[in-house]
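Working notes, structure below.
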Amino acid sequence: MNWLALRMLTGDRSKYLSLILSITFATLLMSQQVSIFMGIVTRSASQILDVRDAELWVMDNKVRYIDEAPYLPSNSLQRVRGVPGVEWAVRYHKSNMTARLPDGNFRNVIVLGVDDATLVGSPRRMVVGELNSLRLPNAVFIDKAGYEYMWPGEPFQIGREFHLNDRRVFLAGICKASAPFTTLPVMYTRFSEVERFLPSNRNLMNYILAKPLVGSDALEVCRAIEEQSGLMALTRDGFFWRTISYFMRSTGIPINFGITIALGFIVGAAVAGQTFYLFTLENLKQFGALKAMGVTNIRLIGMILLQASVVSGMGYGLGMGMTALFFTFTNRIAPMAGIHLTTIAATGVGLAVLMIILLTSLFSLRKVLFLEPAVVFRG
Amino acid sequence: MNVLTSESKSHAPSAGEMAVYCRQIVKEFGAGDTKTLALRGVNLDVLSGQMTLLVGQSGCGKTTLISIIAGLLNATSGSLEVLGENIIAMTGSQLVRFRQKNIGFVFQQYNLLPTLTAVENAAVPLIIAGQSRREAFEAAKRILASVGLANRMHLLPNQLSGGQQQRVAIARALVHEPRLLVCDEPTAALDAHSGQTVMELLRRVALQADRAVIVVTHDNRVFNFGDRIIHMDDGVVTQVEIPDRVSQEANQMSHKPAASHH
Chain V
248 MNWLALRMLT GDRSKYLSLI LSITFATLLM SQQVSIFMGI VTRSASQILD
298 VRDAELWVMD NKVRYIDEAP YLPSNSLQRV RGVPGVEWAV RYHKSNMTAR
348 LPDGNFRNVI VLGVDDATLV GSPRRMVVGE LNSLRLPNAV FIDKAGYEYM
398 WPGEPFQIGR EFHLNDRRVF LAGICKASAP FTTLPVMYTR FSEVERFLPS
448 NRNLMNYILA KPLVGSDALE VCRAIEEQSG LMALTRDGFF WRTISYFMRS
498 TGIPINFGIT IALGFIVGAA VAGQTFYLFT LENLKQFGAL KAMGVTNIRL
548 IGMILLQASV VSGMGYGLGM GMTALFFTFT NRIAPMAGIH LTTIAATGVG
598 LAVLMIILLT SLFSLRKVLF LEPAVVFRG
Chain Y
68 MNVLTSESKS HAPSAGEMAV YCRQIVKEFG AGDTKTLALR GVNLDVLSGQ
118 MTLLVGQSGC GKTTLISIIA GLLNATSGSL EVLGENIIAM TGSQLVRFRQ
168 KNIGFVFQQY NLLPTLTAVE NAAVPLIIAG QSRREAFEAA KRILASVGLA
218 NRMHLLPNQL SGGQQQRVAI ARALVHEPRL LVCDEPTAAL DAHSGQTVME
268 LLRRVALQAD RAVIVVTHDN RVFNFGDRII HMDDGVVTQV EIPDRVSQEA
318 NQMSHKPAAS HH
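Chains as they are written, first to last, in the working numbering: chain V, 248 to 626; chain Y, 68 to 329.
Put into structure tokens, the structure is as follows:
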């Protein structure tokens with residue numbers, strides 16, 4: 248009977264293709280939008296994920312997201328270091344500055360200031376140059392996408408000089424960094440260099456990066472830090488989700504993407520549903536004949552579900568393939584760098600396609616199950 | 068032409084076992100003010116080894132009657148035995164199995180699956196019955212060859228003429244060797260020549276001692292193919308007619324000298 252179901256489905260090539268294409272484009276639209284949404288939202292907290300060597304983030308207890316953190320008094324660092332369960336704690340700076348190029352052009356950049364001694368928080372992967380170069384006076388690193396943004400079309404070249412907040416710096420390395428939400432270049436430097444760029448500020452440390460002792464519970468250590476310092480301490484994941492939830496609550500991103508994803512679902516369901524329903528209607532006499540010849544309702548349900556599964560499986564596979572291909576090409580474009588088809592997006596869209604096809608099948612099944620086999624005798 | 072009333076069926080020529088035995092079959096559709104009486108107490112016998120034609124005006128209840136005989140509709144009241152089984156007492160799943168095994172259908176509009184070739188269409192009842200595809204296709208090829216379509220087996224229905232499509236439908240109806248063949252207006256969509264060919268085929272292929280054929284038809288050009296013609300009007304059988312050909316054959320049989328025994 249499976250053979251019969253598949254021959255009925257694939258025999259009419261044009262309907263078979265339109266069914267597959269409707270699922271393909273619904274999948275493409277939904278998976279692409281979900282992936283872009285996830286990519287953009289993740290970008291809002293990408294600098295948190297990039298710091299892999301410190302597990303705890305300590306900050307002012309009113310901080311809502313990573314880009315909005317006031318500077319902490321310098322004695323906060325000693326207080327955190329003194330909390331039992333903390334193995335080490337270092338300074339970390341994040342702010343926006345202006346970089347002025349020799350040709351007079353200027354760009355706003357994100358500056359991350361890492362601890363001079365340990366370089367905790369510095370980039371993990373270098374494209375050009377080596378990590379220790381960051382210890383040189385006036386040295387800064389820039390992320391690869393930022394380099395292409397500041398010097399478009401030019402080959403990677405370290406040693407370039409420019410000004411950061413009117414202080415002379417030189418490019419000591421090009422590194423990989425996750426794209427930030429604003430797609431500004433990300434520059435790394437030492438904390439002591441930041442003090443040179445922002446001389447008028449008394450405090451420049453807006454985060455303290457810390458690591459709990461081996462074997463201690465990170466959440467317990469966070470609670471201890473909060474009790475003893477009056478600051479807020481979060482795990483990396485905790486701060487990541489705090490930042491993301493701020494963007495989800497305070498921006499129009501989820502609504503806009505949600506609308507597009509919902510439209511993809513509705514259009515996919517409507518087109519696939521209508522085509523599949525028409526396919527069933529056109530074959531109603533044949534289904535009636537099969538019923539008359541002794542095909543049970545259970546077997547008809549099996550046939551229709553098999554047809555639906557084949558269509559959805561092929562449409563989903565093609566749609567996912569097209570999405571993957573799309574991101575393979577767009578990843579070469581700086582503003583889209585780092586946005587991928589994720590497992591979560593693929594799974595979520597898979598479930599949505601399953602829902603589309605179940606809804607679609609339900610309408611068709613209803614028609615076939617209530618079909619009287621005697622209909623075959625009505626001319 | 069011999070004409071019998073609906074009450075004198077016991078005088079019908081004896082050809083074989085009783086395939087269908089209907090008594091006082093009533094069928095109502097709808098309820099209350101919209102209630103319609105489609106059959107008003109039909110008595111009908113169909114014998115194996117015969118082709119029984121069911122004729123009458125549109126709306127007289129022919130299609131309802133064969134739907135009930137074929138187990139596709141339930142009668143409101145009355146008794147009905149098909150191939151010795153009381154199908155009115157059967158459950159839904161028993162009826163499905165009964166139809167699958169014992170009944171072949173030929174429809175006015177053929178109802179072939181448009182995406183299947185002739186041989187695949189003819190094999191469908193065997194595949195439904197659970198036979199392997201290879202066995203089903205072998206059987207379908209044999210039956211298609213017997214209906215003169217050996218060189219059309221791999222064509223789709225839309226590549227065949229109406230007559231050829233109906234022959235595929237007949238092959239499909241016969242492939243699982245049912246004991247009762249139910250044909251609804253098998254010549255209605257065909258020209259005169261194709262209609263004659265189809266009826267000849269039904270007589271030749273379908274009529275065997277243990278098989279009964281019921282044909283619903285409006286087409287008086289094919290009346291001569293029937294062994295009995297049942298006339299219906301307004302939900303009842305009004306007349307049972309024995310064509311002259313059958314009466315003459317019966318007379319010839321009765322005047323033949325008995326075979327000598329040694």
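We treat Cβ as the ideally placed atom computed from N, Cα and C, and that holds for glycine.
As the structure is a prediction and not an experimental result, all values here were calculated from the model.
In this structure, the beta-carbon distance from Thr182/Y to His221/Y does not fall below 7 Å. For Asp259/V, the nearest CB of chain Y lies under 7 Å from its own CB, placing it at the interface with that chain.
Here Phe617/V carries a coil assignment [DSSP, helix/strand/coil].
Taking 7 Å as the threshold, the shortest C-beta distance from Asp251/Y to chain V falls below it. DSSP places Lys102/Y in the coil class of the three-state scheme, outside both helix and strand.
Counting along the chain, the unbroken beta strand (DSSP E) around Pro459/V starts and ends at Tyr454 to Pro459. Cβ-Cβ separation between Thr482/V and Leu456/V: approximately 12 Å, too far for a contact (criterion under 8 Å).
Look at Val307/Y here: in three-state DSSP terms it is strand. At a Cβ-Cβ threshold of 7 Å, Ala238/Y and Val214/Y count as neighbours. Contact annotation: Ile421/V and Lys391/V have beta-carbon atoms nearer than 7 Å.
Following the DSSP letters along the chain, one finds Asn530/V in no alpha helix (DSSP H), marked with neither H nor E.
Secondary structure of Glu152/Y (DSSP, three-state): strand. By a beta-carbon distance limit of 8 Å, Asp294/Y contacts Gln117/Y. Their separation comes to about 4 Å. Three or more beta-carbon pairs drawn from the stretch 221-235 of chain Y and the stretch 258-267 of chain Y are found closer than 8 Å, and the two stretches are therefore classed as touching. For a Cβ distance threshold of 8 Å, residue set Ser160 and Val163 of chain Y lies close to Thr543/V, ordered along the chain.
Ranking Arg299/V, Arg254/V and Leu253/V by CA distance to the CA of Lys458/V puts Arg299/V first.
Nearest in C-alpha terms to Pro582/V, of all of Pro427/V, Gly400/V and Met285/V, is Pro427/V. Here DSSP, grouped into helix, strand and coil, assigns Arg311/V to coil. Taking a Cβ-Cβ threshold of 8 Å, the residues of chain Y close to Lys532/V are Gln176 and Asn178, in chain order.
Taking CB atoms only, Pro245/Y has no neighbour in chain V less than 7 Å away. Taking the C-beta atoms as reference points, Val330/V is found no nearer than 7 Å to Thr365/V. Taking each of Phe284/V, Glu334/V and Gln280/V in turn and checking the Cα distance to Leu303/V, the smallest one comes out for Glu334/V. For Pro192/Y, the closest Cβ of chain V is nearer than 7 Å.
Burial state of Leu179/Y is buried, judged by a 10 Å Cβ sphere holding 16 or more other Cβ atoms. For Leu553/V, the uninterrupted alpha helix (DSSP H) run begins and ends at Asn544 to Thr577, by DSSP.
For Asp277/Y, no alpha helix (DSSP H) segment is defined, and its DSSP state is neither H nor E.
Not flagged as an interface residue toward chain V: Thr103/Y, since no C-beta distance is shorter than 7 Å.
In the three-state reduction of the DSSP assignment, Tyr88/Y falls in the strand class, which pools E and B.
In the DSSP assignment, Val265/Y falls within the unbroken alpha helix (DSSP H) covering Ala259 to Leu268.
Between Met255/V and chain Y, the shortest Cβ-Cβ separation is below 7 Å. Chain-order list of chain Y residues neighbouring Leu251/V: Leu180, Leu183, Glu187, Val191, Ile194 and Ile195, by C-beta distance under 9 Å. Distances from the alpha-carbon of Lys208/Y to those of Gly151/Y, Asp251/Y, Ala190/Y and Thr101/Y put Ala190/Y closest.
Straight through space, the alpha carbons of Ile604/V and Ala273/V are spaced by roughly 11 Å. Around the beta carbon of His285/Y, fewer than 16 other beta carbons sit within 10 angstroms, so the residue counts as exposed. At the C-beta level, Ala517/V and Ile270/V stay beyond 7 Å of one another. With a cutoff of 7 Å on beta-carbon distance, Ile295/V and Ile313/V are scored as near each other.
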